[in-house]
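Here's the structure, in structure tokens; my notes come after.
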Amino acid sequence: MLRLCILAVSLSLAVAVPYIPLLGAKELPSLPRIVGGEDATPGEFPYQVSIQKQGLFGRSHMCGASVLNDHHVLTAAHCLKGANTNSLYVVMGEYDLGKNSGDEQVIVAGELVIHEHYDAATYTNDVGIIRVVPSITFNDKVTAVDLPAEMGLVEAGTECVTTGWGATEEGGSSSDILKKVTVPVVSDADCRASYGITDIADHMLCAGHGITSWGYGCARPDYPGVYTEVAYFVDWINRHSA
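Letter by letter, the sequence shown follows residues -16 to -1, 1 to 226 of mature numbering (1 follows the signal peptide of the UniProt record, and there is no 0).
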């Protein structure tokens, strides 16, 4: 069974989505990754969002996100912690970061909502929302994502598709083209065994379905990627995106 992950790879090109400090005894990598991925097609993932930061030489991709509705996008809290809305942009309809196709909708980020119990040291409750004004215009290239049912958790062994503008190999450069990759969900027990002293909370999910939060290396067989399991936060998301 193949399921579609509802959050793009939320990784930064600057400090890897301000999310690469020491976690336990392991120093996490500083590059985004979508290892083993292939090019998506334009419009294949119309909920996909690129969060971009304005710099001296233009905007650069910082994190991925998903369209919730015409005024809100969903991302990881670590993407928003310490961010300045004056230089933060939300880009819908993005496909090739190096080219302007005319499908892009670029809106300055408005209010940033970070989960009140987010912990930057452990990545617990790593979920956040950006409110945008003016509203997002829906079309064939931009639509809202379908949230899972509340507590509709994904079983180990389920194959999911995750997307993003990440490195296609460990240590490699990031892709300007949106990528997709199929990854299997790993059980919490196996994930905890892989990371040893690193705490895998119940609201985290290894390798498959959710908001990309952290991991060790790129697609290493003994170290699955760790995601925020969105089903745990559906009520919180709905309350803060109404």
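From the three backbone atoms N, C-alpha and C, an ideal C-beta is built for every residue, glycine too.
Check: Kindly list the residues whose CB is nearer than 6 Å to the CB of Arg204, restricted to its own chain and excluding five residues on each side of it in sequence; keep chain order.; Outcome: Unreliable positioning characterises Arg204 in this predicted model, as indicated by a pLDDT of 46, which lies under 50. A coordinate reading is not provided.
Check: Quick check: the Cα distance between Thr212 and His62, rounded to an integer number of angstroms?; Outcome: 11 Å
Check: So, is Thr25 buried or exposed, given that buried needs 16 or more other C-beta atoms within 10 angstroms?; Outcome: exposed
Check: Just reading off the beta strand (DSSP E) that Ser44 is part of, what are its end residues?; Outcome: 42 to 53
Check: Would you identify the three-state DSSP class for Thr69, choosing helix, strand or coil?; Outcome: helix
Check: Who are Ile114's beta bridge partners in DSSP?; Outcome: Val57, Leu96
Check: On a CA-only basis, which of Gln36, Cys175, Trp220 is nearest Ser71? Give me that one, please.; Outcome: Gln36
Check: Checking 7 Å against the spacing of the C-beta atoms, do Ala49 and Thr69 come in under that value?; Outcome: no
Check: Go ahead and pull the three-state DSSP assignment for Val138.; Outcome: coil
Check: To the nearest angstrom, how far is the alpha carbon of Tyr107 from that of Gly82?; Outcome: 31 Å
Check: Tell whether a beta-carbon distance below 7 Å holds between Ile120 and Met76.; Outcome: yes
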